[in-house]
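According to our numbering, the sequence shown is numbered sequentially starting from 254.
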Amino acid sequence: MKKHLVVALAYDRLCTFEFGCTVELFALERPELEVDWYDFAVCAIEPGAIRAAGGIMVQAPYQPELLAQADTIVIPGWRDADEVPPAALLEQLRAAHQRGARLCSICSGVFVLAAAGLLDGLPATTHWRYAAKLAQRYPQIQVQPDDLYVDNGQLITAAGSAAGLDMLLHLVRRDYGARVGNQVAQRLVVAPHREGGQAQFLPRPMASSEAGRLSRLMDWLRSHPAQPHTVASMAEQAAMSPRTLQRQFQQATGMGPLEWLIRERVALVKDMLEVPDVPLAQIAERTGFASEESLRHHFRRLLATSPGAYRKRFATA
């Protein structure tokens, strides 16, 4: 059976960090996962030497035919948001999209997808510094400047730098499920999962004492998901006023405490659905949802699929 081929684009003045994240996620062999891991290749978009940020030189084959074979194409940034990408590359990306390939951009790489016309009418994100420029140049795109990443199914865009790592881990979770995604995150020594709707940056830094209390509360909530939490009970646990708790959650995550808790519970549901014989009613009880109906509602709202469909795809034997 053909492996899923991930192709990363390389170009002169390559964004080293974004490219490195892509290589780290997909190029390493991971036998400990016991899954049929990706094939990985790098494709230079033009012949000749490739300079990367930091004075690094990258040797990559100029093989446009690779894009015709790729299942996923990653655009790790772009050298200049004001430079129109080569017409041949844009045509290759449109052809890849037409045949069903998955196209992903990190940071300024969104300008390549935008120039190809692939994001017209769709939501997309980029680094917050580029958001206004993207919206002005391509008004047909629904720019979401605060999101870490936006998943449109075939087209996935990520914000700046480290948000690309969140997006790439999200792809692993989509392809292999939460268990494998968590294992890869553990190997990378990063948080296992951040939803794309979380804020790119804090409006203002929290005081260390406030951040510590909020972090401890989040850890406690993750350890006690089945309890019937309210804003008032969470504020009491954190020794804060409800107003302070609401404000700090909004600043730290881009959402209120109850929405954050629901997303954490849904993430836990995804893990439990990978065990095929656990009844949905039991999962709802263990994860703090009041009923199966409530679980189904929030699962579909956040993931655009049903618990049953998710289990059918990701449940382990």
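Every residue gets a Cβ at the ideal spot worked out from N, C-alpha and C, and that includes glycine. None of these values were measured; they are calculated from a predicted model.
Anticipated Cβ contact below 8 Å, residue i with residue j, distance rounded
{"i": "Met487", "j": "Leu470", "result": "6 Å"}
{"i": "Pro560", "j": "Leu548", "result": "7 Å"}
{"i": "Ser361", "j": "Ala411", "result": "Going by Cβ atoms, the distance from Ser361 to Ala411 rounds to 11 Å, so no, they are not a contact pair."}
{"i": "Ala368", "j": "Leu343", "result": "6 Å"}
{"i": "Asp265", "j": "Arg332", "result": "7 Å"}
{"i": "Cys274", "j": "Gly417", "result": "5 Å"}
{"i": "Arg480", "j": "Gly541", "result": "Going by the sequence as given, residue 480 is Gln instead of Arg. Indeed, because the Cβ distance is near 7 Å, the residues count as touching under 8 Å."}
{"i": "Leu372", "j": "His350", "result": "Contact doesn't hold; Cβ gap of about 10 Å is too wide."}
{"i": "Ala261", "j": "Phe272", "result": "6 Å"}
{"i": "Gln503", "j": "Gly509", "result": "6 Å"}
Residues bridged to residue i [DSSP beta-bridge criterion]
{"i": "Pro339", "result": "Bridge partners of Pro339: none, in fact."}
{"i": "Ala534", "result": "Answer by DSSP bridge pairing: none, since Ala534 is not bridged."}
{"i": "Leu267", "result": "Ala305"}
{"i": "Thr410", "result": "Ser358 and Val403"}
{"i": "Phe293", "result": "Val259"}
{"i": "Ala377", "result": "Val396"}
Alpha carbon of residue i to alpha carbon of residue j, nearest angstrom
{"i": "Leu421", "j": "Gln490", "result": "34 Å"}
{"i": "Ala305", "j": "Gln312", "result": "10 Å"}
{"i": "Ala323", "j": "Ala348", "result": "11 Å"}
{"i": "Glu287", "j": "Ala385", "result": "43 Å"}
{"i": "Thr558", "j": "Val442", "result": "29 Å"}
{"i": "Val519", "j": "Glu527", "result": "13 Å"}
{"i": "Glu545", "j": "Ile326", "result": "38 Å"}
{"i": "Thr378", "j": "His550", "result": "26 Å"}
{"i": "Leu366", "j": "Ala354", "result": "13 Å"}
{"i": "Ala302", "j": "Asp335", "result": "22 Å"}
{"i": "Trp513", "j": "Thr506", "result": "8 Å"}
{"i": "Asp400", "j": "Arg554", "result": "17 Å"}
{"i": "Glu318", "j": "Asp292", "result": "16 Å"}
{"i": "Leu258", "j": "Asp524", "result": "26 Å"}
{"i": "Ala415", "j": "Ala562", "result": "30 Å"}
{"i": "Gly307", "j": "Glu285", "result": "33 Å"}
{"i": "Leu346", "j": "Ala321", "result": "9 Å"}
{"i": "Pro478", "j": "Gln535", "result": "13 Å"}
{"i": "Asp289", "j": "Lys256", "result": "7 Å"}
{"i": "Gln389", "j": "Asn405", "result": "21 Å"}
{"i": "Arg566", "j": "Arg539", "result": "22 Å"}
Nearest candidate by alpha-carbon position, reference residue i, set the options
{"i": "Ile394", "options": "Gln501, Glu277, Leu375 and Gly406", "result": "Leu375"}
{"i": "Leu521", "options": "Gly434, Ala321 and Thr506", "result": "Gly434"}
{"i": "Ile298", "options": "Leu511, Pro329, Asp524 and His350", "result": "Pro329"}
{"i": "Tyr402", "options": "Val363, Gly370 and Asp428", "result": "Val363"}
{"i": "Arg440", "options": "Gln351, Leu278, Leu262 and Lys256", "result": "Leu278"}
{"i": "Pro339", "options": "Pro392, Ala263, Met508 and Arg475", "result": "Ala263"}
{"i": "Trp381", "options": "Ala388, Pro392 and Pro398", "result": "Pro398"}
{"i": "Ala568", "options": "Thr497, Arg539, Tyr429 and Glu538", "result": "Tyr429"}
{"i": "Tyr315", "options": "Ala341, Arg496 and Ile309", "result": "Ala341"}
CB contact check: residue i to chain D, cutoff 8 Å
{"i": "Thr497", "result": "Looking at the structure shown, chain D is missing, and only one protein chain is on hand."}
Distance cut-off 7 Å: residue i Cβ against heavy atoms of the ligand MN
{"i": "Ser494", "result": "No copy of the ligand MN occurs in the structure displayed, which carries no ligand at all."}
Discussion item. List, from N- to C-terminal side, the beta strand (DSSP E) runs of 3 residues or more that fit wholly inside the segment 295 to 375.
Written reply: 303 to 305, 309 to 311, 325 to 329 and 355 to 359
Fill in: Completely contained alpha helix (DSSP H) runs for the segment 459 to 527, where each covers 4 or more residues
461 to 476, 484 to 491, 495 to 506 and 510 to 526
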